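Visitor: Mind looking over this structure? Questions follow.
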Amino acid sequence: MPLVKVHILKGRMPQEIDVLLDTIHEVVVESFGVPPRDRYQILQEHEALHFRALDTGLDIARTEKFILLEITSRPRSRDAKVAFYSNLTRALQARCDVLPSDVMVSLHINSDEDWSFGMGSAQFLTGEL
């Protein structure tokens with residue numbers, strides 16, 4: 001159920017994007033315990049001129065493979081979030097050749113009444129989910 005927005009620089013091949021999105025989804029399922037069919041991802045490709053990500057003073061080197069994830073989700077435990085960050089960077093490095101220094105995540109937490117999956121219904125509130 002998390003809504004995952006993935007921001008990358010333009011220039012990746014379609015197969016690379018497929019593997020990237022599949023990898024991110026697998027880690028979401030593993031770390032947050034969501035069902036595999038709860039897949040909501042938006043990929044946005046940016047020109048280098050329109051996508052800037054510095055290191056917040058942490059001396060983190062960034063490359064052209066930098067990925068910024070914005071994830072909107074129901075509340076998750078601190079342990080689940082920490083595991084997600086670690087699992088994500090490990091998987092992206094292994095499957096997509098993306099360095100841990102090129103992965104930034106921002107989690108946006110909301111609640112059950114903030115979701116409608118269609119049909120004009122708030123499925124978490126109605127008990128459908």
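If you're matching positions, the sequence shown starts at 1 in the UniProt record's numbering and goes up one per residue. Ideal placement from N, C-alpha and C gives every residue a C-beta, glycine not left out. Given the structure is predicted, the values throughout are model-derived calculations rather than measurements.
1. Could you name the residues that DSSP lists as bridge partners for histidine 7?
2. Considering only the beta carbon of each residue, do alanine 53 and phenylalanine 32 sit closer than 7 Å?
3. Who are the near neighbours of alanine 91 in its chain, counting only those whose CB is closer than 6 Å to its CB and skipping five residues on each side?
4. Go to residue 208, then tell me how far its beta strand (DSSP E) extends in each direction, as first and last residue.
5. Once DSSP output is grouped into helix, strand and coil, what is the label at serine 86?
6. So the candidates are Leu88, Arg74, Ile42 and Leu99; which of them puts its Cα closest to the Cα of phenylalanine 124?
7. By the DSSP assignment, the alpha helix (DSSP H) with leucine 21 in it spans what residues?
8. Please confirm if the segment 41-50 is in contact with the segment 2-18, defined as three or more CB-CB distances below 8 Å between the two stretches.
9. Going by alpha carbons, who is nearest to glutamine 15 out of Asp114, Leu129, Lys81 and Arg95?
10. Give the range of the alpha helix (DSSP H) segment to which leucine 125 is assigned.
11. For isoleucine 8 versus glutamate 64, is the C-beta distance shorter than 7 Å?
12. DSSP has residue 145 in a bridge; who is on the other side?
13. Assuming isoleucine 60 contacts serine 101 under a Cβ cut-off of 8 Å, what Cβ separation, rounded to an integer in Å, is found between them?
Guide: In brief:
1. As a working note, residue 7 is residue 7 in the sequence shown. For histidine 7, the beta-bridge partners assigned by DSSP are Gln44 and Leu68.
2. For the purposes of this step, residue 53 is taken as residue 53 along the sequence shown, with counting starting at 1. For the purposes of this step, residue 32 is taken as residue 32 along the sequence shown, with counting starting at 1. Contact: no.
3. Numbered from its first residue, the sequence shown carries residue 91 at position 91. Contacts found: Thr23 and Val27.
4. A question about residue 208 goes unanswered here, because the residues of the chain that appear run from 1 up to 129.
5. Start at 1 with the first residue of the sequence shown, and residue 86 comes out as number 86. In the structure shown, serine 86 sits in a helix (DSSP, three-state: H, G or I).
6. In the sequence shown, residue 124 corresponds to position 124, counting from 1. Among Leu88, Arg74, Ile42 and Leu99, the Cα nearest to that of phenylalanine 124 is on Arg74.
7. As a first step, residue 21 is located in the sequence shown; it is residue number 21 there, counting from the start. Note, leucine 21: alpha helix (DSSP H), 14-32.
8. With a cut-off of 8 Å, the segment 2-18 and the segment 41-50 count as touching, because enough Cβ pairs lie within range.
9. Taking the first residue of the sequence shown as 1, we reach residue 15 at position 15. Per the Cα distances, Arg95.
10. One-based indexing of the sequence shown puts residue 125 at position 125. Per DSSP, leucine 125 belongs to the alpha helix (DSSP H) from 123-126.
11. On the sequence shown, residue 8 is found 8 positions in, with the first residue counted as 1. On the sequence shown, residue 64 is found 64 positions in, with the first residue counted as 1. No, the Cβ-Cβ distance between isoleucine 8 and glutamate 64 is not below 7 Å.
12. Lying before the first or after the last residue shown, residue 145 is absent from the chain, which here runs from 1 to 129.
13. Translated into the one-based positions of the sequence shown, residue 60 becomes position 60. Translated into the one-based positions of the sequence shown, residue 101 becomes position 101. At roughly 5 Å, the Cβ-Cβ gap stays under 8 Å, so isoleucine 60 and serine 101 are in contact.
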